[in-house]
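Going down the list, the sequences are from chains X and V.
Position one of the first sequence corresponds to residue 532 (the numbering used here), numbered consecutively onward.
Position one of the second sequence corresponds to residue 1421 (the numbering used here), numbered consecutively onward.
In what follows, a structure is listed as structure tokens, so that the remarks can point back to it.
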Amino acid sequence: MALQLFKIASTTVESPVTNIEFTSIPSGYTDLILHYSLRGTGTNSNEIRITYNGVTSGYSNIELYGSGSSVGSISAGTAYFYAGESPAVNDTANTFGSGTMYIPNYTSSNQKSVSSEAVEENNSSTNNTLYLNAGLCTNTGAITSIKIQPDGSFTWVANSTATLYGIL
Amino acid sequence: MPAKTGTYTLISSTTLTTTTATVTFSSIPATYTDLFLVVNPLSTNNRDVILRFNSDTGTNYSITFVSGYGGGTPAYSSGRTTNQGFMYADYYGPSNTSQSVRQINIMDYSNTTTYKTAIIRSSNATAYPGGGVDAIAGLWRSTSAISTIAVSLSADSFLSGSVFKLYGIEAGNP
């Protein structure tokens, strides 16, 4: 029986918002895929921070990044999944950062591990980076909500989008 | 009429309830365009996840990788292995007792003309040393259609709770 990649929900920002959140995520899928296209109101870049079920502790992350002139790897974050960065105010107008996060076994009672990629490209000499990330959260609850927010008190600008898919 | 979207079909799924050395997907139908294998391995002693196709243990596998492990000097690397008897599905983020993810895309797996390639992402957020992020390009030098995939560790066995899911992907209509 052929089963689909189902769109659970999608959001397009119409005016600046502090976060994008998907709630009441149904439990009938095996895995989740989150796609996003984001631009923030920070100065140069905005971190893409993802939390689930309102949990704000127990996260760990490893990132591999390449900026075109340098490459590096860091470990960071205990309060969120760190999913790269998006363009912001000083970056080329109308450029948004795209990314995807794969979330397997989201209804299990295990700790949650995720994998994500993001691109921040704006045809300039600064703030152009490709991000590959690994994330782990020690919380074992089934994922029923996901929130995407920038660092600090910044916001996502109009025309930022996020879509949540379920895989059967 | 809206274009048909690409379809993921769950071919087989296994969650281990006992310690197991190898999980094998066999009799994979040739009716899809690509395969997508998702593995959440659990193991002791930081073992690598490895793949073999069609029970081929010959030195017909190679990979090129870029990896980051969040610590050490430097905290990243790129390299390759050639003429291996298996295909690595991680390199600097091996499986351990923490939850982690392997995403393995195997393109055009059923053709009988070309060698088979895979794009692999491995994500293990265990703090350095032990975890890592890998992006891997894999090659199996065989023109045979892939009908069997064996998933193992470089040593030891998968622990109970490890999860393995194989999807077939159908192309969408233009």
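Yeah, the Cβ is synthetic: ideal placement off N, Cα and C, and Gly gets one too.
DSSP state of residue i, grouped into three classes?
i: Ile1483/V; result: strand
i: Gly666/X; result: strand
i: Asn1516/V; result: coil
i: Leu1579/V; result: coil
i: Thr660/X; result: strand
i: Asn1525/V; result: strand
i: Gln1504/V; result: strand
i: Gly1552/V; result: strand
i: Leu699/X; result: coil
i: Ser639/X; result: coil
i: Asp1454/V; result: strand
i: Thr1493/V; result: coil
i: Met532/X; result: With a pLDDT of 37 at Met532/X, under the threshold of 50, the modelled position of this residue cannot be trusted; read the value that follows with caution. Coil.
i: Phe537/X; result: strand
i: Ser1498/V; result: strand
i: Ala1565/V; result: coil
i: Thr543/X; result: strand
i: Ser676/X; result: coil
i: Ala1423/V; result: Summary for Ala1423/V: the model assigns pLDDT 45, below 50, so the residue's position carries little reliability; its value from the coordinates is reported in the next sentence. Of the three classes helix, strand and coil, the one that applies to Ala1423/V here is coil, per DSSP.
Quick check: residue i and residue j, are their CB atoms within less than 7 Å of each other?
i: Asp1510/V; j: Asp1576/V; result: no
i: Asn550/X; j: Asn621/X; result: no
i: Phe1445/V; j: Leu1586/V; result: yes
i: Ile1483/V; j: Ile1539/V; result: no
i: Arg1561/V; j: Asn1480/V; result: yes
How many Å lie between residue i and residue j at the Cα?
i: Ala1547/V; j: Leu1462/V; result: 16 Å
i: Thr675/X; j: Tyr633/X; result: 15 Å
i: Gly1492/V; j: Gly1550/V; result: 11 Å
i: Ile1566/V; j: Asn1474/V; result: 6 Å
i: Gly1588/V; j: Asp1454/V; result: 6 Å
i: Leu1436/V; j: Val1571/V; result: 13 Å
i: Leu595/X; j: Glu648/X; result: 10 Å
i: Cys668/X; j: Asn653/X; result: 31 Å
i: Ala1423/V; j: Val1458/V; result: With a pLDDT of 45 at Ala1423/V, under the threshold of 50, the modelled position of this residue cannot be trusted, and the question is left open.
i: Ile1569/V; j: Ala540/X; result: 34 Å
i: Gly585/X; j: Ala693/X; result: 18 Å
i: Thr572/X; j: Thr543/X; result: 16 Å
Rounded to whole angstroms, how far is the Cβ of residue i from the Cβ of residue j, which I believe are closer than 8 Å?
i: Thr626/X; j: Arg570/X; result: 7 Å
i: Thr609/X; j: Tyr590/X; result: 6 Å
i: Thr638/X; j: Ser558/X; result: 5 Å
i: Gly603/X; j: Tyr1496/V; result: 6 Å
i: Thr671/X; j: Gln642/X; result: 6 Å
i: Ser1515/V; j: Val645/X; result: The pair is not a contact, with the Cβ atoms about 16 Å apart (cut-off 8 Å).
i: Val548/X; j: Thr657/X; result: Their Cβ separation, rounded to whole angstroms, is 26 Å, which puts Val548/X and Thr657/X out of contact at 8 Å.
Which runs of the beta strand (DSSP E), 3 residues or longer, sit entirely within the stretch 548-601 of chain X? For the stretch 548-601 of chain X, whole beta strand (DSSP E) runs of length 3 or above, ordered along the chain, are 551-553, 562-569, 576-583, 590-597.
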